[in-house]
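A.B. asks: Numbering (mature numbering (1 follows the signal peptide of the UniProt record, and there is no 0)), first residue to last: -30 to -1, 1 to 188. A virtual CB, placed ideally from N, CA and C, is assigned to each residue, including glycine. Just so you know, these numbers come straight off a predicted model, no measurement behind them.
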Amino acid sequence: MTMMRNDCATLSAALMAATLLTGLPGSAAAQGAARTLNYQILMGEDPIGSEQVKIEPQGDRTKVTVTATTRVKVLFINFRYDHKREEMWKGGALDSMTATTDDDGTPHRIEMARDAGGYRLTVDGKAQQASASILPLTLWTPDVLKHRELLSVIDAAPYKVAARKIGAETVEAGGKALEAAHHRIEGDVERDLWYAADGTLLKTRFKRSGYDITYVLK
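Rendered as structure tokens:
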């Protein structure tokens, strides 16, 4: 009986991983239903902000709007971060993106649009070209795990990365214990990511200035 339970668990994990990596970016896009995902942002155990991801299918396209805000006080110094971006996806690929960020008083703006050569990219008013194989560090979709070149969503800094699967785990998200596939992005930028079987991001963790930062689905 124990062997049977282990075999079922292994099969379940394999099916979850297969669904995760082969589906259209964002389960809402696949189902044709709009969704809003709300995340709490923690530094250690302390709440410091929130992020909202709105996924809206629009015919053959999917619009994704991400809004994030954090407020942190360290040694009597206040830090702030405000970010908003809009992504348009078509045929499972990113078609365009605009992003504006106030990074503790430093403003940034990114405009990104697909063309025949890859992407036209304008960063803080300066135009450049980006490879068709690149993707912003947009973690709401497990599609980010397939790319070896990523861009910062703040200032379009390039990252060379590799992703690997850690394994199936149970995480606390949305007020309940949920099964998730744990993946890790490593290289110029590092992120631990937990996705549900339908591709929904449940949790993200990384280090910033020596502190553990966690995004967890409410």
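Lys43 by DSSP, collapsed to three states: which one?
C.D. replies: Note: Lys43 maps to strand in three-state DSSP.
A.B. asks: Could you give the uninterrupted runs of the beta strand (DSSP E) lying entirely in the region 61 to 85, keeping only those of 3 residues or more?
C.D. replies: Counting only runs of 3 or more, we get 63 to 73, 76 to 85.
A.B. asks: Given a cut-off of 8 Å, decide if Gly19 and Asp182 are closer than it, judged by their beta-carbon atoms.
C.D. replies: Contact: no.
A.B. asks: Could you pull out every residue in the same chain whose Cβ sits closer than 6 Å to the Cβ of Gln98, ignoring the five residues on either side in sequence?
C.D. replies: Cβ neighbours of Gln98 beyond the five flanking positions: Leu91.
A.B. asks: With Ala3 as the anchor, note down where its beta strand (DSSP E) starts and where it stops.
C.D. replies: Note, Ala3: premise wrong, no beta strand (DSSP E); not H, not E.
A.B. asks: For Cys(-23), does the count of other Cβ atoms within 10 angstroms reach 16, so buried, or fall short, so exposed?
C.D. replies: Any reading at Cys(-23) needs caution, since the residue's pLDDT is 40, under 50, leaving its predicted position unreliable; the model's value is listed next. Cys(-23) is exposed by the Cβ-count criterion.
A.B. asks: Within a Cβ cutoff of 8 Å, which residues of the same chain sit near Leu(-16), ignoring the five residues on either side of it in sequence?
C.D. replies: At Leu(-16) the pLDDT is 37, less than 50, meaning the model places this residue with poor confidence; the figure from the coordinates comes in the next sentence. If we look at Leu(-16) and ignore the five residues flanking it on each side, its Cβ neighbours are Ala167.
A.B. asks: Can you tell which of Leu109, Glu21, Ile25 has its C-alpha closest to the C-alpha of Gly2?
C.D. replies: Residue Ile25 is the option with its Cα nearest to Gly2.
A.B. asks: Which residues in the same chain as Thr140 place their Cβ atom closer than 8 Å to its Cβ, once the five residues preceding and following it in sequence are excluded?
C.D. replies: Here the set comprises Ala147, Leu148, Glu149, Ala150.
A.B. asks: Could you check what DSSP says for Val93 in three-state terms: helix, strand or coil?
C.D. replies: Looking at Val93 - three-state DSSP - the assignment turns out to be strand.
A.B. asks: To the nearest whole angstrom, what separates the beta carbons of Tyr133 and His153, a pair I think is in contact under 8 Å?
C.D. replies: What sits at residue 133 in the sequence shown is Ala, not Tyr. Between His153 and Ala133 the Cβ distance is about 6 Å, and since that is below 8 Å, they are a contact.
A.B. asks: For Ser(-4), which of helix, strand or coil comes out of DSSP?
C.D. replies: Only weak support exists for where Ser(-4) lies, its pLDDT of 43 falling under 50; the value from the coordinates is given anyway. Correct three-state label for Ser(-4): helix.
A.B. asks: Going by other Cβ atoms of all chains shown within 10 Å of its Cβ, with 16 needed for buried, is Leu47 buried or exposed?
C.D. replies: What sits at residue 47 in the sequence shown is Ile, not Leu. Classification for Ile47: exposed.
A.B. asks: If we count the other Cβ atoms within 10 Å of its Cβ and call it buried at 16 or more, is Arg161 buried or exposed?
C.D. replies: With 16 or more other Cβ atoms within 10 Å, it is buried.
A.B. asks: Please name the residue in Ile80, Phe49, Gly29, Asp73 whose C-alpha comes closest to that of Glu56.
C.D. replies: Checking every option, the nearest Cα to that of Glu56 belongs to Ile80.
A.B. asks: What is the rounded straight-line gap between the Cα of Asp72 and the Cα of Leu7?
C.D. replies: Answer to the nearest angstrom: the Cα atoms are 22 Å apart.
A.B. asks: Does the Cβ of Ile155 have 16 or more other Cβ atoms within 10 Å, making it buried, or fewer, making it exposed?
C.D. replies: Its Cβ being crowded by 16 or more others within 10 Å, Ile155 is buried.
A.B. asks: For Thr35 and Asp65, what's the separation of their Cα atoms in angstroms?
C.D. replies: Spanning the two alpha carbons is a distance of roughly 14 Å.
A.B. asks: When you compare only the Cα positions, how much space is there between Gln28 and Ala4?
C.D. replies: Between Gln28 and Ala4, the C-alpha separation is close to 9 Å.
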